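If you're matching positions, the sequence shown starts at 118 in the numbering used here and goes up one per residue. Ideal placement from N, C-alpha and C gives every residue a C-beta, glycine not left out. Everything numeric in this text was worked out from a predicted model, so none of it was measured.
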Amino acid sequence: MPSIAELDAAVALVMDLQYDEARPRLADLVDRFDAVGDREHAAEALFWLSYCYEKTGNLDQAGVFYGEVVRRYPETPAAEQARQRQVHLTATPVP
Numbered sequence: 118m119p120s121i122a123e124l125d126a127a128v129a130l131v132m133d134l135q136y137d138e139a140r141p142r143l144a145d146l147v148d149r150f151d152a153v154g155d156r157e158h159a160a161e162a163l164f165w166l167s168y169c170y171e172k173t174g175n176l177d178q179a180g181v182f183y184g185e186v187v188r189r190y191p192e193t194p195a196a197e198q199a200r201q202r203q204v205h206l207t208a209t210p211v212p
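Have a look at this one:
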């Protein structure tokens, strides 16, 4: 059974800019929260996984994962955050 403490620890790695260490933990948590039907925490883990990809410059993968948050978990707070990050990724800077 996944725990909120595990999710908090993975997010703490993200906050410490340890994206490569956080990614596998977050991916595992997405699957484990999904397996027990905890959609809100699965969505949160997937959002942070997407964010890791964004911050390490893999914008295509980040966009795919943000889209997955929105598609799979549309009713969650993480889906709204993912929508905002998608807009940020596709925004064209104004000269």
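Within its chain, find whatever has a CB closer than 8 angstroms to the CB of residue i; leave out the 5 residues flanking it on each side and keep chain order.
i    : result
D133 : none
V187 : A196, A199, R200 and Q203
Which two residues bound the contiguous alpha helix (DSSP H) that contains residue i?
i    : result
V167 : One point to set straight first is that residue 167 is Ser, not Val, in the sequence displayed. First-last of the alpha helix (DSSP H) with S167: R156 to K172.
V153 : Taken as a continuous stretch (DSSP letters only), V153 belongs to no alpha helix (DSSP H), as it is neither H nor E.
Y183 : L176 to R189
I need the DSSP call for residue i, collapsed to helix, strand or coil.
i    : result
P141 : helix
Y136 : helix
T207 : helix
E197 : helix
E192 : coil
Using a Cβ-Cβ cut-off of 7 angstroms (strictly less than) and excluding sequence neighbours within five positions of residue i, which residues of its own chain qualify?
i    : result
V128 : W165
Please determine if the stretch 187-206 and the stretch 155-163 are in contact, where contact requires at least 3 C-beta pairs separated by less than 8 angstroms.
-> yes
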